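*Asks:* Sharing a structure, written as structure tokens. Questions coming.
Number of protein chains: 2
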Amino acid sequence: MASFLVNGLPARSVDPGDRGLMYGDGVFRTLSVMSGRPLNWPRHYRLLTHDCGRIGLEAPGESTLCDEIARVAPGDAVVKVIVTRGRGGRGYACLDDIEPNRIVAAYPPAPVVPGEAHDGVKVRRCRLVLSEQPRLAGVKSLNRLENVLARAEWRDPGIREGLLADSGGRLVEGTMSNVFLTCGGKLVTPELSRCGVNGAQRERVLDLAGGAGIACEIRDVAFDEIEQAGEVFLTNSIIGILPVVALEERRWAPGPMAYRMQRLVEDDDARGR
Amino acid sequence: MASFLVNGLPARSVDPGDRGLMYGDGVFRTLSVMSGRPLNWPRHYRLLTHDCGRIGLEAPGESTLCDEIARVAPGDAVVKVIVTRGRGGRGYACLDDIEPNRIVAAYPPAPVVPGEAHDGVKVRRCRLVLSEQPRLAGVKSLNRLENVLARAEWRDPGIREGLLADSGGRLVEGTMSNVFLTCGGKLVTPELSRCGVNGAQRERVLDLAGGAGIACEIRDVAFDEIEQAGEVFLTNSIIGILPVVALEERRWAPGPMAYRMQRLVEDDDARGR
Chain A
246 MASFLVNGLP ARSVDPGDRG LMYGDGVFRT LSVMSGRPLN WPRHYRLLTH DCGRIGLEAP
306 GESTLCDEIA RVAPGDAVVK VIVTRGRGGR GYACLDDIEP NRIVAAYPPA PVVPGEAHDG
366 VKVRRCRLVL SEQPRLAGVK SLNRLENVLA RAEWRDPGIR EGLLADSGGR LVEGTMSNVF
426 LTCGGKLVTP ELSRCGVNGA QRERVLDLAG GAGIACEIRD VAFDEIEQAG EVFLTNSIIG
486 ILPVVALEER RWAPGPMAYR MQRLVEDDDA RGR
Chain B
246 MASFLVNGLP ARSVDPGDRG LMYGDGVFRT LSVMSGRPLN WPRHYRLLTH DCGRIGLEAP
306 GESTLCDEIA RVAPGDAVVK VIVTRGRGGR GYACLDDIEP NRIVAAYPPA PVVPGEAHDG
366 VKVRRCRLVL SEQPRLAGVK SLNRLENVLA RAEWRDPGIR EGLLADSGGR LVEGTMSNVF
426 LTCGGKLVTP ELSRCGVNGA QRERVLDLAG GAGIACEIRD VAFDEIEQAG EVFLTNSIIG
486 ILPVVALEER RWAPGPMAYR MQRLVEDDDA RGR
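Residue numbers (the working numbering), protein chains in the order written: chain A, 246 to 518; chain B, 246 to 518.
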């Protein structure tokens, strides 16, 4: 179903001694490829490089990755780029001479759910409380068991996403998305200095909003502030920008800020062509 | 160097779509095998089963695992048993019909460091502060990036282990070991309800000490209590029981409690024969 390149070679398998499997010792990013073109690529690459640096890994070269993405995803696809610390024996200590492993995986495009970008989606609040680890905050590491456990809290296909708080009762993110609110005309998204993943789509929305003269705030957001928000929307590199229309009993009308950001993102993708 | 069985079959590789690699979605235990006999096996198996349950995985059957350990490690070895959620496409949600993957890996026995069990070892305090996630506390999950980062803080081979605290300044564990102190004749080890890994050797030491009439306390331990401890020792299923003789400026004489626990553990291993 998926096709994989491991260090540039077609592969159906990885070394079972890879530290990515042993310890989650690696990072990844997931992106959309349309007609062979990786969308929002500069931010994805910058964040991947940043994440590698945060855990002390050398990042793959940009042209190497671009070549490999082109080979594995010549058309439309979801592509996942994984960088692990490599094969490293047993034990947490890293031998000096191990080489990172680079996995580029192409999956079929995500199924489009008709109408959800326009009509919006329902979300829930997850019971799982995110742990706080400033050393890994913002990083999309391979340690994602919290996300897995949070996503396992519900099976209702009518609930698109679960929102997560930290132990201080602050809104952080969704299980697979970042969250934006509007408050008095301003765009607000949680700071990710304690936990959470800094998504490339989040970065792009902040950049594009700033460029369009929309005031943005990155700050701590009490979970209960959502109740007062004029709008709530989710950002993710695969599903795009989704208005939230329901969180438990609270209802919102979709747009107009979410629609505006959708157009800005579409224009940005078109400009990249 | 290592030999692997994946779901009972000899393998040099695992599926790159395995959720163990993608998300650290799995658990593991590491044990010593001597002359084909896995030491402290009942506790290892019970803890593995417990950990599987904590993340919603079905545990492998005991006889299956015993057979596979016997095949992969007929003599002396370090064996790692990994259970992952299996191959599960892209995204955190788990499809109902995926089967866990079971990896049994045999490594050469750990090199014995002459004298350290008797003369003791030096440790340091890690700068990394453990995050608190009660949902995973005690569980030996594949999300071990904190341990990797903590272990990467030092290269001095004279430092055997790094001790870790949580954000409340409580002693939790070492990067690869559990920690015991003696306080007024009692054996004290940190509670692991917020973070940390509950090692099979820790369980055994508590059981054996209790059986020998030694009072044990499992409780919160302020990191600074170490200063007042009569003795400090580390427990780990591979390295056994190691007296700590130095933490920064503080010095201890090794034993007698550490020596006593070493003998109880040796006797327990011998009884298992």
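For every residue, glycine included, the Cβ atom is placed at its ideal position computed from N, Cα and C.
As the structure is a computational prediction, the values presented were derived from the model and not from experiment.
Output, in chain order, the set of chain B residues within a Cβ distance shorter than 7 Å of phenylalanine 249 of chain A.
*Replies:* The residue labelled residue 249 of chain A in the question sits at position 4 within the first sequence. Result: Pro261.
*Asks:* Relative to the C-alpha of methionine 502 of chain A, which residue among A:Val349, A:Ala457, A:Pro283 and A:Asp341 is closest?
*Replies:* As a working mapping, residue 502 of chain A is identified with position 257 in the first sequence. Looking at the Cα atoms, A:Ala457 is the closest of the given residues.
*Asks:* Which residues, taken in chain order from the stretch 372-405 of chain B, show a beta carbon closer than 7 Å to some beta carbon of chain A?
*Replies:* Cβ contacts with chain A: Leu373, Ser376, Glu377, Gln378, Arg380, Leu381, Ser386, Leu387, Asn388, Arg389, Leu390, Glu391, Asn392, Val393, Leu394, Arg396 and Ala397.
*Asks:* Can you confirm whether leucine 409 of chain B, when its beta carbon is compared against all beta carbons of chain A, has any partner nearer than 7 Å?
*Replies:* Along the second sequence, read from residue 1 onward, the residue named residue 409 of chain B stands at position 164. Chain A, which has no Cβ nearer than 7 Å to the Cβ of leucine 409 of chain B, makes this no.
*Asks:* Taking arginine 464 of chain B as the reference, which of B:Ala491, B:Ala322, B:Ala454 and B:Ser438 has the closest Cα?
*Replies:* Against the second sequence, residue 464 of chain B aligns to sequence position 219. It is B:Ser438.
*Asks:* Please name the residue or residues paired with cysteine 428 of chain B in a DSSP beta bridge.
*Replies:* Walking along the second sequence from the start, residue 428 of chain B turns up at place 183. According to DSSP, which records beta bridges pairwise, cysteine 428 of chain B is partnered with B:Lys431.
*Asks:* Whose Cβ in chain A lies nearer than 8 Å to the Cβ of methionine 421 of chain B?
*Replies:* Within the second sequence, numbered from 1, the residue matching residue 421 of chain B stands at position 176. Within chain A, the residues near methionine 421 of chain B are Gly336 and Tyr337.
*Asks:* By a C-beta neighbour count over all protein chains shown, 10 Å radius and 16 as the cutoff for buried, is glycine 441 of chain A buried or exposed?
*Replies:* Within the first sequence, the letter at position 196 stands for residue 441 of chain A. Classification of glycine 441 of chain A: buried, given that the 10 Å Cβ count is 16 or more.
*Asks:* Closer than 9 Å by beta-carbon distance: list the chain A residues that pair up with arginine 367 of chain B, in chain order.
*Replies:* Position 122 of the second sequence, counted from the first residue, corresponds to residue 367 of chain B. Checking the displayed sequence, the identity of residue 367 of chain B turns out to be lysine instead of arginine. Chain A residues near lysine 367 of chain B: none, gap ~16 Å exceeds 9 Å.
*Asks:* Taking DSSP as the reference, what is the three-state secondary structure of glycine 265 of chain A?
*Replies:* What you label residue 265 of chain A is simply residue 20 of the first sequence in a count that begins at 1. If DSSP states are grouped into helix, strand and coil, glycine 265 of chain A belongs with the helices.
*Asks:* Who are the neighbours of aspartate 270 of chain B on chain A, taking C-beta pairs under 7 Å?
*Replies:* The sequence position of residue 270 of chain B within the second sequence is 25, counting from 1. Under the 7 Å cutoff, chain A gives Leu390 and Val393.
*Asks:* For serine 277 of chain B, go through chain A and note every residue whose CB falls closer than 9 Å to its CB, in chain order.
*Replies:* Along the second sequence, one-based indexing puts residue 277 of chain B at 32. Per Cβ cutoff of 9 Å: no residues; serine 277 of chain B is ~12 Å from chain A at best.
*Asks:* Using the rule of at least 16 other Cβ atoms within 10 Å of the residue's Cβ for burial, across every protein chain shown, is threonine 309 of chain A buried or exposed?
*Replies:* Indexing the first sequence from 1 puts residue 309 of chain A at position 64. Result: exposed.
*Asks:* Given this structure, state the Cα-to-Cα distance separating asparagine 443 of chain B from asparagine 285 of chain A, to the nearest angstrom.
*Replies:* As a working mapping, residue 443 of chain B is identified with position 198 in the second sequence. As a working mapping, residue 285 of chain A is identified with position 40 in the first sequence. Rounded to whole angstroms, asparagine 443 of chain B to asparagine 285 of chain A spans 43 Å at the Cα level.
*Asks:* So for isoleucine 463 of chain A, helix, strand or coil by DSSP?
*Replies:* Looking up residue 463 of chain A in the first sequence gives position 218. It is a strand residue.
*Asks:* For isoleucine 348 of chain A, which beta-bridge partners are listed by DSSP?
*Replies:* Position 103 of the first sequence, counting from 1, holds the residue named residue 348 of chain A. BP columns for isoleucine 348 of chain A point to A:Val251 and A:Ile327.
*Asks:* In the DSSP assignment, the beta strand (DSSP E) including threonine 480 of chain A goes from what residue to what residue?
*Replies:* Along the first sequence, read from residue 1 onward, the residue named residue 480 of chain A stands at position 235. It spans 476-481 - the beta strand (DSSP E) in which threonine 480 of chain A sits, taken as one unbroken run.
*Asks:* Mapping the DSSP letters down to three states, classify asparagine 423 of chain B as helix, strand or coil.
*Replies:* Numbered from its first residue, the second sequence carries residue 423 of chain B at position 178. Here asparagine 423 of chain B sits in strand by DSSP.
*Asks:* So, helix, strand or coil for serine 277 of chain B, using DSSP?
*Replies:* Numbered from its first residue, the second sequence carries residue 277 of chain B at position 32. Of the three classes helix, strand and coil, the one that applies to serine 277 of chain B here is strand, per DSSP.
*Asks:* Going along chain A in order, which residues have a C-beta closer than 7 Å to the C-beta of valine 323 of chain B?
*Replies:* Counted from its first residue, the second sequence places residue 323 of chain B at position 78. Ordered by position in chain A, the residues that pass the 7 Å Cβ test against valine 323 of chain B are Arg335.
*Asks:* Does the CB of serine 438 of chain A have a neighbour CB from chain B at under 7 Å?
*Replies:* The count along the first sequence starts at 1 and reaches residue 438 of chain A at position 193. Judged by the 7 Å Cβ criterion, serine 438 of chain A is not in contact with chain B.
*Asks:* Which residues in the same chain have their Cβ closer than 7 Å to the Cβ of glycine 253 of chain A, if we skip the five residues on either side of it in sequence?
*Replies:* Residue numbering aside, residue 253 of chain A sits at position 8 when the first sequence is read from its first letter. Excluding residues within five positions, the ones whose Cβ falls inside 7 Å are Glu313.
*Asks:* Between B:Tyr337, B:Ala318, B:Arg449 and B:Val349, which lies nearest to arginine 508 of chain B when the distance is taken from Cα to Cα?
*Replies:* Taking the first residue of the second sequence as 1, we reach residue 508 of chain B at position 263. Ranking B:Tyr337, B:Ala318, B:Arg449 and B:Val349 by Cα distance to arginine 508 of chain B puts B:Arg449 first.
*Asks:* In three-state terms, what does DSSP make of cysteine 311 of chain B?
*Replies:* Residue 311 of chain B sits at position 66 when you count from the first residue of the second sequence. Three-state DSSP puts cysteine 311 of chain B in a helix.
*Asks:* With 16 other CB atoms within 10 Å as the buried threshold, where does arginine 288 of chain A fall?
*Replies:* Within the first sequence, the letter at position 43 stands for residue 288 of chain A. Buried, because 16 or more other Cβ atoms sit within 10 Å of the Cβ of arginine 288 of chain A.
*Asks:* Would you kindly report the start and end of the unbroken alpha helix (DSSP H) that includes alanine 457 of chain A?
*Replies:* Position 212 of the first sequence, counted from the first residue, corresponds to residue 457 of chain A. Premise fails: alanine 457 of chain A is in no alpha helix (DSSP H) and is neither H nor E.
*Asks:* How would you list, in chain order, the residues of chain A whose beta-carbon sits under 7 Å from the beta-carbon of glycine 301 of chain B?
*Replies:* Within the second sequence, numbered from 1, the residue matching residue 301 of chain B stands at position 56. Near glycine 301 of chain B (Cβ distances below 7 Å), the residues of chain A are Ala397.
*Asks:* Does the stretch 359-373 of chain B come close enough to the stretch 323-336 of chain B that 3 or more CB-CB pairs lie under 8 Å?
*Replies:* Taking 8 Å as the limit for Cβ pairs, the verdict is that the stretch 359-373 of chain B does not touch the stretch 323-336 of chain B.
*Asks:* So is glycine 265 of chain B in contact with chain A if we call contact Cβ pairs under 7 Å?
*Replies:* Residue mapping note: residue 265 of chain B aligns to position 20 of the second sequence, counting from 1. Yes, glycine 265 of chain B lies at the interface with chain A (some Cβ there is under 7 Å from its Cβ).
*Asks:* Tell me which residues of the stretch 433-463 of chain A have at least one Cβ-Cβ distance to chain B shorter than 7 Å, keeping chain order.
*Replies:* Listed by position along the chain: nothing, the set is empty.
*Asks:* Grouping DSSP H, G and I as helix and E and B as strand, with all else coil, what is proline 287 of chain A?
*Replies:* The residue given as residue 287 of chain A occupies position 42 in the first sequence. It is helical.
*Asks:* Check whether the stretch 379-391 of chain B and the stretch 488-496 of chain B touch, using three or more Cβ-Cβ pairs below 8 Å as the test.
*Replies:* Contact fails: fewer than three Cβ-Cβ distances are below 8 Å.
*Asks:* Can you give the beta carbon distance from glycine 455 of chain B to arginine 282 of chain B, rounded, assuming they're within the 8 Å contact cut?
*Replies:* In the second sequence, counting from the first residue as 1, residue 455 of chain B sits at position 210. In the second sequence, counting from the first residue as 1, residue 282 of chain B sits at position 37. Actually they are not in contact, since the Cβ atoms of glycine 455 of chain B and arginine 282 of chain B sit about 24 Å apart, beyond 8 Å.
*Asks:* Would you check if the distance between the CB atom of serine 376 of chain A and the CB atom of glutamate 377 of chain B is smaller than 7 Å?
*Replies:* As a position in the first sequence, residue 376 of chain A is number 131, starting the count at 1. As a position in the second sequence, residue 377 of chain B is number 132, starting the count at 1. Yes, they are a contact pair.
*Asks:* Are the C-beta of isoleucine 484 of chain B and some C-beta of chain A separated by less than 7 Å?
*Replies:* In the second sequence, counting from the first residue as 1, residue 484 of chain B sits at position 239. Answer no: the Cβ-Cβ gap between isoleucine 484 of chain B and chain A never drops below 7 Å.
*Asks:* Can you name the residues that DSSP bridges to leucine 416 of chain B?
*Replies:* For the purposes of this step, residue 416 of chain B is taken as residue 171 along the second sequence, with counting starting at 1. Bridge partners of leucine 416 of chain B: B:Ala410.
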